[in-house]
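Enquirer:
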Amino acid sequence: MCDFEKYQKFMYTNENVERLMRETEEFISKTSDNKFFKQREKKQQQLPKKQQLPKKHQHQHPIFWLLYKMVSVEDFFTKETIVEELNFRIKFVEMIKKDAGWMKANKLKISQVEGEAMDAGDIPLLGAFFRAVCLHNKVSVMVIKANLFKTILCDEVDDVPKFIIQYDGEKFEFVDEKEVELRAKHARDNLFEFSKPLRAISAYKVDELREIARRVGVDSTGFLKKPLYEKILSSIMF
Numbered sequence: 001m002c003d004f005e006k007y008q009k010f011m012y013t014n015e016n017v018e019r020l021m022r023e024t025e026e027f028i029s030k031t032s033d034n035k036f037f038k039q040r041e042k043k044q045q046q047l048p049k050k051q052q053l054p055k056k057h058q059h060q061h062p063i064f065w066l067l068y069k070m071v072s073v074e075d076f077f078t079k080e081t082i083v084e085e086l087n088f089r090i091k092f093v094e095m096i097k098k099d100a101g102w103m104k105a106n107k108l109k110i111s112q113v114e115g116e117a118m119d120a121g122d123i124p125l126l127g128a129f130f131r132a133v134c135l136h137n138k139v140s141v142m143v144i145k146a147n148l149f150k151t152i153l154c155d156e157v158d159d160v161p162k163f164i165i166q167y168d169g170e171k172f173e174f175v176d177e178k179e180v181e182l183r184a185k186h187a188r189d190n191l192f193e194f195s196k197p198l199r200a201i202s203a204y205k206v207d208e209l210r211e212i213a214r215r216v217g218v219d220s221t222g223f224l225k226k227p228l229y230e231k232i233l234s235s236i237m238f
């Protein structure tokens, strides 16, 4: 009987568990000034927290998120996740597949739209998917790069886009909505609208290429025909 009482406090009982918890709390409180415990506590606070889906992907796919912001009626900042991006791409392609007439009227090929939408990377600026989303949502947009501008207009009568995207060669930014009309007019009066791709190099004379180079802001000094053509082609890529 005596031996049983001697070892009773080591048995796994509710009373012993409660007692051990109380003793542990008392021990920690008494040693809270101890340097060892302070260091441990500090390190524990510095441990990274469990993160949700990273939000910095918007910098990896900046063109998609510009497009999303232009056409989405939902809260942009709370929806900015990789999952939302994939859902948007898939649902849009599924929707327009059912409307072949609309695709044909807007001179779009489902293979191109779907190919760009399902690509794991960012979408091409003013590419087939970009244009399809803008046209389907009736969102007109102008993109300005250096001395160039391109537009997607959903209404040929109204030449003022709803959005202007400024590209400085490194990042894309929206022009303030209060300045859109003025900036659009300035672009049309002073910049070169490059709405069609370059023809084959054989279709141009050197002087014609030099004139195009001047309009798009490319220095043609000292360039022969082929290098000049390639330089112009590189400069007009958005």
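Residue numbers for the sequence shown follow UniProt numbering, beginning at 1 and rising by one.
From the three backbone atoms N, C-alpha and C, an ideal C-beta is built for every residue, glycine too.
Pairing CB atoms from the region 96-113 with CB atoms from the region 128-140, are three or more of them under 8 Å?
Expert: A contact exists between the region 96-113 and the region 128-140.
Enquirer: Apart from the five residues on each side of it in sequence, which residues of its chain come closer than 7 Å, Cβ to Cβ, to Arg-40?
Expert: Note that Arg-40 scores 48 on pLDDT, short of 50, meaning its location in the model is unreliable; the coordinates nonetheless yield the value given after this. Closer than 7 Å at Cβ, skipping near neighbours: no residue.
Enquirer: Need the endpoints of the beta strand (DSSP E) that Leu-148 sits in, please.
Expert: Leu-148 -> beta strand (DSSP E) spans 148-152.
Enquirer: Going by DSSP in three states, Tyr-167 sits in which element: helix, strand or coil?
Expert: Correct three-state label for Tyr-167: strand.
Enquirer: Just to confirm before moving on: does the CB-CB distance between Ile-236 and Phe-172 stay below 8 Å?
Expert: Not in contact: Ile-236 and Phe-172 (Cβ atoms no closer than 8 Å).
Enquirer: When the Cβ atoms of the region 142-151 are set against those of the region 161-175, are three or more pairs found closer than 8 Å?
Expert: Contact holds: three or more Cβ-Cβ distances are below 8 Å.
Enquirer: Taking all protein chains shown into account, do 16 or more other C-beta atoms lie within 10 angstroms of the C-beta of Met-95, making it buried, or fewer, making it exposed?
Expert: The residue in question, Met-95, is exposed, as its Cβ has fewer than 16 Cβ neighbours within 10 Å.
Enquirer: Tell me the rounded alpha-carbon separation between Tyr-204 and Ser-72.
Expert: Answer to the nearest angstrom: the Cα atoms are 43 Å apart.
Enquirer: Do you know offhand how far Lys-97's Cα is from Leu-224's?
Expert: Between Lys-97 and Leu-224, the C-alpha separation is close to 46 Å.
Enquirer: I'd like the list of long-range same chain contacts for Val-206, defined as Cβ closer than 6 Å, with 5 residues on each side in sequence excluded.
Expert: Result list for Val-206: Lys-225, in chain order.
Enquirer: With a 10 Å radius around its C-beta and 16 neighbouring C-beta atoms as the bar for buried, classify Ile-165 as buried or exposed.
Expert: Counting Cβ neighbours within 10 Å, Ile-165 comes out buried, since at least 16 surround it.
Enquirer: DSSP three-state call for Val-133: helix, strand or coil?
Expert: Three-state result, Val-133: helix.
Enquirer: State the Cα-Cα distance for the pair Arg-183 and Val-175, rounded to the nearest angstrom.
Expert: Arg-183 and Val-175: Cα-Cα distance of roughly 8 Å.
Enquirer: Using C-beta distances below 8 Å, list every residue in its chain close to Ile-232, excluding the 5 sequence neighbours before and after it, in chain order.
Expert: Leu-198, Leu-209, Ile-212, Ala-213, Val-216 and Val-218.
Enquirer: Met-142: which of Ile-90, Arg-188, Glu-85 and Asn-87 sits nearest, CA to CA?
Expert: The shortest Cα separation from Met-142 among Ile-90, Arg-188, Glu-85 and Asn-87 belongs to Arg-188.
Enquirer: Given that a residue counts as buried once 16 or more other Cβ atoms are within 10 Å of its Cβ, and exposed if not, what is His-59?
Expert: Unreliable placement is indicated for His-59, whose pLDDT of 48 sits below 50; no coordinate value is reported for it.
Enquirer: By the three-class DSSP mapping on this structure, what secondary structure does Lys-50 have?
Expert: Caution is warranted here: a pLDDT of 37 is assigned to Lys-50, below 50, making its placement in the model unreliable, and the coordinate value is therefore given only provisionally. Coil.
Enquirer: According to DSSP, is Phe-88 part of a helix, a strand, or is it coil?
Expert: Phe-88: helix per DSSP, three-state reduction.
Enquirer: Just verifying my parser: in three-state terms, what is the DSSP assignment at Val-141?
Expert: Val-141: strand per DSSP, three-state reduction.
Enquirer: Determine the direct distance from the alpha carbon of Gly-101 to that of Asn-137, and round the result to whole angstroms.
Expert: One C-alpha to the other measures close to 16 Å.
Enquirer: In chain order, what residues of the same chain lie with their CB nearer than 6 Å to the CB of Ser-220, ignoring the 5 residues before and after it?
Expert: The residues are Arg-210, Ala-213 and Leu-228.
Enquirer: Where do the ends of the alpha helix (DSSP H) carrying Phe-64 lie?
Expert: Element bounds for Phe-64: 62-71.
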